[in-house]
Amino acid sequence: MAMLANVVSGLAFSFAYLFSCRLVSERASYKITKWQWGVFCLSVLITLTTNAAPGLSVTNVDVEDIGKFVIHFGPTSGLFFGSLILLIILTLKNFIASSKSSLMLKRVKSTYMVFGMVAFIVSTFAAHFLIPVVFNDFSAVWVPPALSIVEALMVGYALLSDRFYSLRYMFLGCSSFLLNASVYILPVAAIAYFGQGQNTVAVLVALTMLTGIFWHKTHDFFHSQFNRLIYREKGNPVENISSLISEFRYSTEQAIERLNGVLNAKLGQIHRVNNNARSKVFLPYFKGNRSVLVREELEYQIKHGRESNKDTLSHIAHEMRSSDISLVLPITNEKDEIIYFYTVSKDEKLPLFTNEEILGLQLLFDAASRFIITEEKIRKSRVLAGSIAHEIRNPLTKINYHFERIDADMFGGEESRADSITSPDMKRIYQELLEGKKAVQLGNRFIDAILDEMNGEGISTARFKEYSAAKLTSQALNDFSFNSEEHKRRVILDMQTDFDFHGSDTLYSFVIFNLLKNAVCYFDTHPKSKVHIRFSATEDKNLVRVIDTGPGITLEQKEHIFDEYYSFGKRNGSGLGLAYCRRVMESFGGNIDVRSVPGVFTEFVLTFPVLNEVNHLSTLIKPLTQAFQGKKCLAICDRNVFALLSSEFESLGAQVVFYSDESAKLSLSMMEAFDVILIDANRIENTFNFIKQLRSGEFGHQAQVTPIWIHNALHCESEEKLVAAEVNNLTQGEIESVFDRLSFLRSLEAIIADGGLSRLGCLIGSKVLVVDDMQVNRLLVQSYLAKEGVVVIHASSGPEAIAKAKNEHVDLVLMDIQMPGMNGIEATKTIRRLVGNIPIIALSGEYGEDALDSIGKTMDDHLVKPITKQQLVRMLKKWLASQSAMKHLKTHSLLSDSDTP
C-alpha cells in the first residue's frame, strides 16, 4: 500500500507538471517542448522503477494499530523524493509564468488552478516525505487524498467557468453557511451521541422542526455579521447593487450614475434596442440561455474555445473593443423581450466583473425594468405633448400675423387710434380684433405653461424676477377673455395696496386666469355674483385674495380641490388647474388656500413671502446704475421735486439739470447734451407746446430723438393728469412718484426694459436677418419691425442664412433653432467663423436644458416664441442702439465737414 501510494503521488506530480506545461504553451498552440516531455517521461520512469519492487523505496512497514504505523524507506527513496521536489519547483515556475498572461481572465483562471494544485502538491510533499522523515510521523498521510478533492474542484471550476466569485464573497457564503449549520448540527449530534431512551427521538424531531423554522433567520443574522466583518461599511456587491432599485423610482439617469459609482465604471448607459447597428450586433448573442455579455469572457472564448460561430463572436468582440464596452446586460419586459441594453465601460486595469456583481446587476434590472419602461413612456408622452404644443403655435402665429395685418391696415396698428373711431360697426370690429389678440396671447401662455412642465421635474425658477402683484393682476384682467362686457364689470380690482414678489409673470397670470375661469363659470347661473380681488401686506407675508360670491363649495369638495384630476361642476374640467396653481405658488415660495361658505362665497388666498427690501433694492439698483452711468437728464419740474429726482438719479450715476420753466430759451447745443428729458405730469398742460417743438425738430435732430419721460410726482390717477392721447404718443415712459422709492425704481426698470432710454428711431436703417423655416414667423417679425424702420432680410434655412449673412452685411441675426437640415446652432457657428462677431439672437420655442445650454454658449441672447412686438423691439434696441448712435454721429460729422468752407 505504501508503494502504491508513492506511485499514485508520483504520477500525480508528473501529470501536474505536464498540465502546467500545457498552460504556459498557449502561444505555441499548446505544443509541449521535447525537454518538457523528457522531464515528464523521466519522472514517470523514476516513479515506476523506484516503486516496482519491495526493498527499493520502501523496505518495511510496522503496523501497531489502526492509524499507527511506521514506514522504513529503502535506498531509492532519495531519488524518488528528489524527483518530486524537482517537479514541484518546475510546476510552480510554470504556474507563475501562466499567471502573467495578457488576458486578465486567463490570469484569474491560472490563479484558481495554481491554488488548487499547489494545495495538493505541497500537502502531499509535506505529509508523505517531510513530516515522516523529520518527525517520523505518518499520521498525516490522509491529508493529500482529502485535498485532492479541493484540487479537482478548483481546477475544474477554472476550466469550466469563465466567470468567478471573489474570494471574499465565497468566504462570506461558506463561513455564514457553516456557522449557521453548526448551530443546528452540534446539538443534534450531542443528543444523538449521549441521549438514551425514547425521548431522544422526540427531541431530535423537535430540533429538526426548529431548524426548518429558524434556519433562514439565523442564516441572515450570521450573513449580516460576516458581511460587516469582511466588507466593513461598504457591504457586499450583490446587496449594494440590488439596493439601488429605490433610485429608479425617481430617476433612471441618477440611478445609473449611482450604479456606475458602485461598479467603479468609467461610463454606464442604457440604450434602447432598435434597428441600429449596435443592436443588430448584440442581439444574436442573447438567443438561448446567455444572460450577460462580458468582453473578457468573449475574447477568451474566441481564443481558447471550440465554438463554431467564432466569426460572429469576433465581430461582437470587435464592436465592444471599438466602443470601449466591457459589459452588456439585456433588460427585458414582462414578455421577456429585450428592449434595452445596459452597457458599461470599465478601466482595463481594474479587476474583472465578478459573478456577484453580475448577479447583483441581474437582480437590479429585473426589478428596475418596469420603472425604466414607465419612465420611457412618460418621456415619450412629454415629448409628444411638447411637439403638439409647438405645432399648435404655428397656426396661432399665423392667426396673430393676420390680426396684426388687419390692425395695421385698418386701424394703423396703434391702440390710441381706437378713440378716434366714430363708426359703431368699426368700433365693434376693433373690439373683436382685440379680443382675438387676447385669445391668441392666452393660448400662447398656456403653451408656455405646458412647455415649462416639459422642461424638467418641476417648475424652473431660473428665470424668476420681481414683479408687482397689482400690475400683473391688472394686466391679467385686461388679457382675460370675458364672455361679455357685463361679465368684465362684475370683476372688481382693488389696487390700493400693492407688493412685489419673486416669480414668473406667465405663471402668475395662469393662476389668476384659472381662478377667474372657475369664478365666471357661474356668472350666468348666479347673476348677482361678483369677483373681488384685493391685496394686503404684512410683516411676514403678502396676500392676494380672490373672492367670488357664487355657489361656494362644500367641505368634501374643499378637501380634494387641490388634488390632481379632481373636478366638479364643469363638464370638461380636467382637474389639473388648481393642482398646478398650488405647484406654481409653492415655486414662488408661497401657497394657495381656500375657504368657503356654500351658497355665500368662495375665497382663494394666495400667500407670498415678503421680499428682503435691502436685497430687492440692490437687485434693482445694480442694472439701473449700469444703464444710467454717465447719463445727463433735463428735469422740468418744481424745485422740491428736483431735489428728490437729483438725489435718486445721482445715486445711479446720472447728472440732472434743473429747469423750472419750459419757456426758457434752450440753445441747440444744450439740448443735444441730454440723454433724457423728465417732465412733471402736473406741468403737461403748460409744456405740451414745448414737447411738440422738441418732436418737430426745432431744437435740432439730437433733441428731436431724445426720450421724454413723464414724472408722476404726486402719484395722480391718469384721469387727473390731463395727459392727452397725443402726448402719450410723443413720450416714451412714465415714472412713478419719487416719494415711493421702490415704485420709482421699478418704473425706471420697466421703462428701460421697454427700450425707453434709447433714442427715437435708433433702429431706422438697421438690417436684420430673420432665419426661420416657417414663412409666417418671418412675416410676423417683419410686420413688427417694418414700423420701426428696420430692413428685414429673410432666410428659410441654415445654408441660406450663411450666404445672406456673408453678402448682405446685416447688423443682427434672429435665428430659429429647429430647422430641417442644418439647425440654428450649426448655422450660427458657421456665421461666426465666416462673418465675424455680429449679434445673433435665438428666436425659438426651445425649453430643454441641453438646447438652452447650446444657445447660451453660441448665441448672444434668446427670445422665446411666441414674441410680442414690445419684446422684439426691446431686444433690438439692446443690441443695436449703440451701433445706431455711432452711425448718427458719423453722419452728423460728415454733414458738418461738408458745410465747412
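Using this note's numbering, the first residue of the sequence shown is number 77, and each one after it goes up by one. Cβ atoms here follow ideal geometry from the backbone N, Cα and C, with glycine treated the same way. Predicted model, so just to flag it, every value in this text is computed and none were measured.
{"Query": "Among LEU163, LEU254 and TYR506, nearest to VAL194 - alpha-carbon criterion", "Result": "LEU163"}
{"Query": "Entirely enclosed alpha helix (DSSP H) segments - the stretch 560-648, minimum 4 residues", "Result": "561-565, 581-596 and 631-636"}
{"Query": "Cβ neighbour criterion (16 or more within 10 Å) applied to LEU824", "Result": "buried"}
{"Query": "DSSP beta-bridge partners of HIS347", "Result": "PHE417"}
{"Query": "Pairwise C-alpha distance: MET661 and HIS578", "Result": "11 angstroms"}
{"Query": "Segments of 4+ residues assigned as alpha helix (DSSP H) that fall wholly inside the stretch 833-871", "Result": "851-862"}
{"Query": "Member of ALA257, ASN82, PHE297 and LEU839 whose CA lies at the smallest distance from the CA of GLY154", "Result": "ASN82"}
{"Query": "When GLY131, LEU836 and ILE147 are compared against ASP138, the one with the closest alpha-carbon", "Result": "ILE147"}
{"Query": "Inter-residue Cα distance where the pair is ASN136 and VAL264", "Result": "44 angstroms"}
{"Query": "Among LYS386, GLN705 and ASN691, the one whose alpha carbon lies nearest that of LEU818", "Result": "ASN691"}
{"Query": "Distance cut-off 7 angstroms: VAL100 Cβ against heavy atoms of the ligand GTP", "Result": "Among the ligands in the structure shown, none appear at all, so the ligand GTP cannot be discussed."}
{"Query": "Nearest-angstrom beta carbon gap, LEU619 and PHE638 [assumed within contact, 8 angstroms]", "Result": "About 18 angstroms separates the two Cβ atoms, so there is no contact after all."}
{"Query": "The stretch 111-123 / the stretch 185-200 touching (three or more Cβ pairs under 8 angstroms)", "Result": "no"}
{"Query": "Three CB pairs or more closer than 8 angstroms across the stretch 944-951 and the stretch 854-864", "Result": "yes"}
{"Query": "Residue of GLU679, LYS933 and GLU542 minimising C-alpha distance to VAL607", "Result": "GLU679"}
{"Query": "For ASP887, the three-state DSSP class (helix, strand or coil)", "Result": "coil"}
{"Query": "Per DSSP, cross-strand counterpart(s) of ALA719", "Result": "None; ALA719 has no bridge partner."}
{"Query": "Residue burial classification, LEU118 (beta-carbon count within 10 angstroms, cutoff 16)", "Result": "exposed"}
{"Query": "C-alpha gap between ARG854 and ILE869, whole angstroms", "Result": "9 angstroms"}
{"Query": "Cβ-based neighbour list, LEU435, same chain, cut-off 6 angstroms, excluding 5 preceding and 5 following", "Result": "VAL314"}
{"Query": "Cβ-Cβ distance between SER174 and SER186 below 8 angstroms", "Result": "yes"}
{"Query": "Helix, strand or coil at TYR543 [DSSP, three-state]", "Result": "strand"}
{"Query": "Opposing strand residues paired with TYR735 [DSSP bridges]", "Result": "ILE712"}
{"Query": "Distance CB(TYR543)-CB(ASP581) smaller than 8 angstroms", "Result": "yes"}
{"Query": "Nearest candidate by alpha-carbon position, reference LEU403, set ILE415, ASN431, ILE468 and ASP412", "Result": "ASN431"}
{"Query": "Per-residue DSSP class, three states only, for VAL84", "Result": "helix"}
{"Query": "From PHE157, MET895, VAL867 and ALA903, residue whose alpha carbon lies closest to that of LYS882", "Result": "ALA903"}
{"Query": "Beta-carbon proximity of ASP887 to LYS843, cut-off 8 angstroms", "Result": "yes"}
{"Query": "Spatial distance of ILE901 from LEU305 (CA atoms)", "Result": "56 angstroms"}
{"Query": "Start and end residues, beta strand (DSSP E) containing ASN256", "Result": "It is not in any beta strand (DSSP E) - ASN256 instead sits in the alpha helix (DSSP H) that spans 243-270."}
{"Query": "ILE840 versus TYR598 - alpha carbon distance", "Result": "51 angstroms"}
{"Query": "For GLN753, the residue or residues it bridges with in DSSP", "Result": "Position check: residue 753 holds Ile in this sequence, whereas Gln was assumed. According to DSSP, ILE753 bridges with LEU710 and ILE784."}
{"Query": "Buried versus exposed, by CB contacts within 10 Å (16 or more), TRP111", "Result": "exposed"}
{"Query": "Per-residue DSSP class, three states only, for ASP555", "Result": "helix"}
{"Query": "ASN648 to LEU472 span [Cα, whole Å]", "Result": "With a pLDDT of only 48 at ASN648, under the threshold of 50, the placement of this residue in the model should not be trusted; the figure read from the coordinates follows. Cα to Cα, the separation comes out at about 22 angstroms."}
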